[in-house]
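My numbering numbers the first residue of the sequence shown as 841 and each following residue consecutively. Notes for the one structure printed next.
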Amino acid sequence: MDESVMESVAISIQKGFFFQQIQTCDLPIFMHEYKGHTLFYTPGLLIAASPDQASQLIFDLHNPNPRSVYARQIRQKAEMAVSQFDLQHRISTFTPYCLTLYTSTDCNLDCCYCYSGSKEHTSSVNLDLIAIRKGAGIVAEKCKKASLPMSVVFHGGGEPLIDPRLPKIWNCIHEIADIYNVKISSYIATNGVVSEKAAKWAAAHIDQIGLSCDGYPDIQNRQRSGRNGDQTSPMIERTARILHDEKKKIIIRATITKESCSQIPEIIRYFCDTLHADEIHLEPVFDGLDSERVNGFSIRDAEYFCSQFVKGNELAAKKGATVEFSGSRLNEIHGRYCQIFRHVLQIVPGGGISTCFKTIDRNTAKNGGSLMGDIHDSDVNLLQLSEISRKLSMDDPACLYCFNRFHCSRGCPDICPLAGSEDYGSFRCRINKIMTGYSLLKFTDDFLLPMISEHEIIGMEIH
Ligand code: SF4
Ligand code: SF4
841 MDESVMESVA ISIQKGFFFQ QIQTCDLPIF MHEYKGHTLF YTPGLLIAAS
891 PDQASQLIFD LHNPNPRSVY ARQIRQKAEM AVSQFDLQHR ISTFTPYCLT
941 LYTSTDCNLD CCYCYSGSKE HTSSVNLDLI AIRKGAGIVA EKCKKASLPM
991 SVVFHGGGEP LIDPRLPKIW NCIHEIADIY NVKISSYIAT NGVVSEKAAK
1041 WAAAHIDQIG LSCDGYPDIQ NRQRSGRNGD QTSPMIERTA RILHDEKKKI
1091 IIRATITKES CSQIPEIIRY FCDTLHADEI HLEPVFDGLD SERVNGFSIR
1141 DAEYFCSQFV KGNELAAKKG ATVEFSGSRL NEIHGRYCQI FRHVLQIVPG
1191 GGISTCFKTI DRNTAKNGGS LMGDIHDSDV NLLQLSEISR KLSMDDPACL
1241 YCFNRFHCSR GCPDICPLAG SEDYGSFRCR INKIMTGYSL LKFTDDFLLP
1291 MISEHEIIGM EIH
């Protein structure tokens, strides 16, 4: 990791002078002075200019029909970002191409940070087959019209692979897909603490399997123990072995807590060496659904989290794996994770349709304001649609001039517009900014500055 770059990004962000929007320009084009050059950035394009070229470019950028090629390109990219972001967030009708099912609230683990806050697992709620069949029909019909495959995701506040009904549910979805003549692409998020039979079933039926594991045995067993305090590492290792033997891509999602943050490189090493990871997702732990449980990170931890992430990423690259962070994705135009903006029909136990992935069942969706409807209603009329999408697309005014606003999930899921709190200045805001900022300056150091000479402008597309 380039520590001087990380430090420079973090300090500039803290002082509020990192890639500021050019005030005299009508579009989101951002500028930053770096190593004697002026950098211009808009989603998809980064330009470095010498000081005299920079003044000319700034002048040219005011003009909706600029003369210079660079000014034209950067204005075009900025216009595309604005229209793509607006299109994503302007929902008049709901057209889901993905069916996400939380089949049950039942879980076999007792994770120390579980956002459900429930230590009682006695009364689990299931999602019934009628609801699943109906949801599959709605999504299959839309996919058929759009000539798209139907995405099916098993997720949950519970563990889908311990649901004994899963093979039956799977067959039911296939029957519907066959009726509409659409193909299925499938994903399951599992804690991996499952029987050999269940792991083999998943390997044989599901396209992509995401294993949740927090790290090497000490961390995993402490943070994600079984209900009776039993160790979970041996079963995860067995599941990973089964998936590896079946030639499945090993995707691991690790929750990083304040305590495990210093261990990120060691965690990555374990994932690559022992679990055969191909793709690793690192996410800071979520706050709980009740306001009592907070993730433990403060804004002061943001730079450290990002440094550890970058170190882990570099180690993974040497071992042939990738490390992803979903909060800020430079290769995508995106905002918060709300299902409503991602064309996802998410049905949770009790039959509720929720726009929020951080939901356990119908009640939590209702209490959190993310309930969009009920799959059991004769006419699944999402009456709340425009009101919920209006609320969820609202931005903290402080985000409006941020260089990262087209690649940022804001404070989601800890900070949600449905609860009316501010994204700007939160821990997640800070890590999202630093992650993007670090990538921009690394691109500059690695690719732009080596090519630039005096009186020149040099630009590159970034994805
Ligand atoms: S939440 Fe995201 S868009 Fe808003 S200021 Fe922070 S980094 Fe920028
Ligand atoms: S927490 Fe709020 S902003 Fe985030 S996905 Fe849920 S509903 Fe959307």
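No residue lacks a Cβ here, since even glycine has one placed at the ideal position from N, Cα and C.
Per-residue DSSP class, three states only, for residue i
i	result
Y1276	Tyr is not the amino acid found at residue 1276; the sequence shown has Thr there. If DSSP states are grouped into helix, strand and coil, T1276 belongs with the helices.
L1234	It is Met, not Leu, that sits at residue 1234 in the sequence shown. M1234: coil per DSSP, three-state reduction.
P1124	strand
F925	helix
S1102	helix
T878	strand
I1306	In this structure the chain extends from 841 to 1303, so residue 1306 is not present and cannot be described.
T1095	strand
H1014	helix
T1114	coil
T1072	coil
F1149	helix
H1045	helix
N1203	helix
N1135	coil
N1171	coil
Which residues DSSP lists as bridging residue i, in chain order
i	result
G1066	L949
G818	As displayed, the chain neither begins before 841 nor continues past 1303, which places residue 818 out of reach and without an answer.
Y942	H995
Q893	Looking at the DSSP assignment, Q893 forms no beta bridge with any residue, so it has no partner.
M990	I1024
I1051	It is worth fixing the name first, because residue 1051 is Leu in this sequence and not Ile. Answer by DSSP bridge pairing, in chain order: T1030 and I1092.
M871	Q860 and F880
E1164	H1121
L886	Y881 and M1300
N1244	Looking at the DSSP assignment, N1244 forms no beta bridge with any residue, so it has no partner.
N903	BP columns for N903 are empty, so no partner.
N1061	DSSP output for N1061 lists no bridge partner at all.
Residue i CB to nearest heavy atom of ligand 1 below 7 Å
i	result
C1146	no
G1251	yes
R1245	yes
N1135	no
C1242	yes
A1238	yes
K1158	no
K1273	yes
D1263	yes
C1012	no
C1248	yes
Residue i CB to nearest heavy atom of ligand 2 below 7 Å
i	result
R1268	no
K1088	no
T1195	yes
Y1185	It is Leu, not Tyr, that sits at residue 1185 in the sequence shown. It does not: the Cβ of L1185 is nowhere closer than 7 Å to a heavy atom of ligand 2.
K1198	yes
L1225	no
L1258	yes
Y1177	yes
L1232	yes
S1210	yes
Beta-carbon proximity check, residue i vs residue j, cutoff 8 Å
i	j	result
P1124	Y1177	no
F994	L1225	no
T943	P1000	yes
L1281	Y881	no
M871	Q860	yes
E1051	I1108	It should be noted that the sequence gives Leu, not Glu, for residue 1051. Contact flag unset, no.
G1152	A1080	no
A911	L897	yes
K1158	D1118	no
P936	V979	yes
M1275	P1257	no
I1297	I887	yes
F1246	I1302	no
P1189	V845	no
I1096	A1161	no
L941	I1187	yes
C1239	R1064	no
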